[in-house]
Structures are given as C-alpha cells and as structure tokens.
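Structure, as structure tokens:
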Amino acid sequence: MIEVIDLHKSLNGVQVLKGINFKVEKGEILALMGKSGHGKSVLLKHIVGILKPDRGNILIDGEDIGTSRGTALERLRSKLGYLFQGGALFDSINVFENVAFPLREKTSLPKEKIREKVLQELEQVGLPGVENKYPAELSGGMKKRVALARCLCTDPEIMLFDEPTTGLDTVTARSINNLIKETHDRIKFTGVMITHDINQVLSIVQKVAVLDAGTIEFTGTPQEIQATTDPIVRQFFNNNA
Ligand SMILES: Nc1ncnc2c1ncn2[C@@H]1O[C@H](COP(=O)(O)OP(=O)(O)O)[C@@H](O)[C@H]1O
Ligand SMILES: [Mg+2]
Numbered sequence: 000m001i002e003v004i005d006l007h008k009s010l011n012g013v014q015v016l017k018g019i020n021f022k023v024e025k026g027e028i029l030a031l032m033g034k035s036g037h038g039k040s041v042l043l044k045h046i047v048g049i050l051k052p053d054r055g056n057i058l059i060d061g062e063d064i065g066t067s068r069g070t071a072l073e074r075l076r077s078k079l080g081y082l083f084q085g086g087a088l089f090d091s092i093n094v095f096e097n098v099a100f101p102l103r104e105k106t107s108l109p110k111e112k113i114r115e116k117v118l119q120e121l122e123q124v125g126l127p128g129v130e131n132k133y134p135a136e137l138s139g140g141m142k143k144r145v146a147l148a149r150c151l152c153t154d155p156e157i158m159l160f161d162e163p164t165t166g167l168d169t170v171t172a173r174s175i176n177n178l179i180k181e182t183h184d185r186i187k188f189t190g191v192m193i194t195h196d197i198n199q200v201l202s203i204v205q206k207v208a209v210l211d212a213g214t215i216e217f218t219g220t221p222q223e224i225q226a227t228t229d230p231i232v233r234q235f236f237n238n239n240a
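Counting in numbering that gives the first Met the number 0, the sequence shown runs from 0 upward without gaps.
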C-alpha cells in the first residue's frame, strides 16, 4: 500500500508540492494525470525515496520512506520498480546487461539464474531473442518494453511508471498500456502510473488522481472521473479526444 500524507516540497525556492494526499491500496493502480511541469515526476520521486519531503509522509506498507535511511531505505526500495520518464536504458551495454543490471545490483543470484530470469522477462514483454541487441538498434516501443522488463525482473510489489508511453505513436502506446495491464493481471502489483492516455488507461486502472499546481485537484474511480464536471479534469478529456 502507498499512502501520501500532506506532502510539501520546494525546489529552487519554488513550492512544487503544496500538500498532497492520496492512498493506493494493495493491488490497485492509480493513474496520475496533470499538465506538464505541475509536479508529477517530483511526486513520484518522493515515493521512490529519491527526493525527501520538506513536510509530510510517504508510507510504503505503513513505513515512511521519506524518513528512512541506510538499510531501512534499501529494504523499502527493494519493493519498488521504477520506470523513469524517458525509459533511460544504458546505451553502451546490450539488452541482456540492461535487464540484468538490477539483479546484479540488488540480489546475489548466481549467473545461470540471472540469465534465466532475464530471458524470461524479455519473453514476458514480447521481445524474445533481442538480448544481444544494443538500445540504438531498437524502436521506441521496444526500448520501453526492455525498460519494463528491467523493472519487472526483481519482482517488485510496487511499480511506478513515469509516462511509459510519451513519445510513442497511439498504436505502440496502446500495446505498452496493454502490456502493463497484462502484467498487472498476472502479478497484481500496486502501482502509480503518470500518463496522458486517459482514454486508454481508464480500463486498466482502479483510481485516477489529477495533480494541478501542486495539489490534488481530483481523485476517484474511472467512472467518477468520466462523470465529473470539474473544468480542470474535463480538459484532459478534451485534449485527448
Ligand atoms: N531537481 C529539481 N530541481 C529544481 N527544480 C525541479 C527539479 N525537478 C523538478 N523541478 C521543477 O519542479 C516542477 C515540477 O516538475 P516535474 O515534477 O518534473 O513536472 P511534471 O508534472 O511535468 O512531471 C517544475 O517547475 C520543474 O522545473
Ligand atoms: Mg514528468
């Protein structure tokens, strides 16, 4: 479970997050929407523990990642998979080494087990046989799939996606969103997904939150967001129609 309570954060003297509150129950995915520059990535970085709050709490299964340090922080982080905005594969190493990276960092699995796990995850994301390719040889959609495989290979209980489909065409975006749904159906992770694909994700997620100017303007179910008359929320439907 993820619980964000009264989260405040200023960066370079600008108040980016002004008291954020929401909760994601175990096994739920929350879609986080909002205009560019309004603090979505900053919020996600607090959930991963990369940024520390000025005020407020971020509870991961009841433990505060915002105040955790050292081994306690490492243990909390080991529950999380984080797909960065942009995907960010390492260009100088091949797909196999990219996916194996967190396994080598976070586990002491023997070589053979790592190999087995990497090939299995590549198969799960629909890319069997690409392990020897380099990121530059892959399309945008394939890179996102490899990044997803890299996230999934440590079996995270919590998955955080920062714009997994931005920059992709609609058809490729749909295939990535479907892959996230299939993965969720299979392993029932708890998730937060920053996205602009409102029409594609309403059938994938259980909750939607809209961040606007550093506060949560709206939270509700997909049914509730479709019914709301809140003009800030309606904009997302109009822009995506
Ligand atoms: N590390 C940082 N240092 C200073 N300002 C930052 C940093 N990261 C983000 N910001 C600022 O915080 C605001 C929110 O950014 P961000 O969360 O990336 O927006 P988005 O909603 O598009 O993901 C922006 O004004 C951005 O310039
Ligand atoms: Mg962002």
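Note that the Cβ used here is the ideal one computed from N, Cα and C, for glycine as well.
Ends of the beta strand (DSSP E) at Q14?
-> 13–23
Under the criterion of a Cβ to heavy atom distance below 8 Å, does D161 qualify as lining ligand 2?
-> yes
Say yes only if the C-beta of K39 is nearer than 8 Å to one or more non-hydrogen atoms of ligand 2, and no if none qualify.
-> yes
Taking only heavy atoms of ligand 1 into account, decide whether any of them is closer than 8 Å to the Cβ of S35.
-> yes
Are the Cβ atoms of E120 and A148 separated by less than 9 Å?
-> yes
Starting from K105 and walking both ways along the beta strand (DSSP E), at which residues does that stretch end?
-> Taken as a continuous stretch (DSSP letters only), K105 belongs to no beta strand (DSSP E), being part of the alpha helix (DSSP H) at 94–105.
Mind checking who V145 pairs with in its DSSP beta bridge?
-> None, per the DSSP bridge assignment.
heavy atom of ligand 1 below 8 Å from Q84 C-beta = yes
Alpha-carbon to alpha-carbon, V170 and G128 | 23 Å
Starting from the Cα of A87, find the closest Cα among A135, E122, L102 and give me that residue.
-> A135
List the endpoints of the continuous alpha helix (DSSP H) containing S174.
-> 169–186
For S40, the three-state DSSP class (helix, strand or coil) | helix
Kindly indicate which three-state DSSP category S8 falls into: helix, strand or coil?
-> Correcting the residue type first, residue 8 is Lys in the shown sequence and not Ser. K8 falls in the strand class under three-state DSSP.
Kindly indicate which three-state DSSP category E2 falls into: helix, strand or coil?
-> strand
Does the beta carbon of L29 fall short of 8 Å from some heavy atom of ligand 1?
-> no
Check whether the segment 105–112 touches the segment 41–53, taking contact to mean three or more Cβ pairs, one atom from each stretch, closer than 8 Å.
-> no
With a threshold of 16 other CB atoms inside 10 Å of the CB of N97, please say whether the residue is buried or exposed.
-> buried
Hey, L31 and A208 are a contact pair by Cβ (cut 8 Å); roughly how many whole angstroms apart?
-> 5 Å
Can you give me the Cβ contacts of A71 inside the same chain, cut-off strictly under 6 Å, excluding the 5 residues immediately before and after it?
-> none
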